[in-house]
Amino acid sequence: MLQYNEGLLSKQERCKYFIMRQLDVLGKDVKEAEVDEMVATGKWEVFNENLLNDARITRSQLSEIEQRHKVRELISLENNMKELRDLFLDIFMLVEEQGAAIEHIQTNVERTQEYVIVTKEKFKLAARYKKRNPCRQLCCCCCPPWRCCL
-10 MLQYNEGLLS KQERCKYFIM RQLDVLGKDV KEAEVDEMVA TGKWEVFNEN
40 LLNDARITRS QLSEIEQRHK VRELISLENN MKELRDLFLD IFMLVEEQGA
90 AIEHIQTNVE RTQEYVIVTK EKFKLAARYK KRNPCRQLCC CCCPPWRCCL
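Its first residue numbered -10, the sequence shown is counted upward by one per residue in the working numbering.
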């Protein structure tokens, strides 16, 4: 029976030591007398309720932090979307401003194409005239142009 009592006391001491360490880790200031009273009466509900309250408080704080983080992410995303919208507006304005210049360039390209076609026809006509009148070519070589005009 003596061994049983000694075993029971040693178990209670280990249990008290374990509880004290747990409370130290949690940052609770509980006196050894209070722990002895808890062990003697077996009222662990107070200890458990405190732990549950602490866990609830910690969870609520964590959820608040997560909500703030989500709000910050949403605000950041909103700012990025505003910047992207502004960028698209700037591009739109630049295209609108340069639209007249692009149309002017396109008109000049079309006129140049027409001019090239007309000039090509004139060169063909000039080549025909040159083949028809070889004498004039000879005359031009013999008589300088300044004598013909006088």
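From the three backbone atoms N, C-alpha and C, an ideal C-beta is built for every residue, glycine too.
| query | result |
| --- | --- |
| Supposed close pair Lys5, Val28 - CB separation, criterion 8 Å | 6 Å |
| Limits of the alpha helix (DSSP H) - the one that Asp18 falls within | Where Asp18 is concerned, there is no enclosing alpha helix (DSSP H), given that its DSSP letter is neither H nor E. |
| Separation of Leu114 from Lys120, as counted between CA atoms | 10 Å |
| Three-state secondary structure (DSSP) of Met(-10) | coil |
| Residue from Val14, Ile8 and Arg57 whose Cα sits closest to the Cα of Asp25 | Ile8 |
| Between the CA atoms of Gln87 and Val105 - distance to the nearest angstrom | 27 Å |
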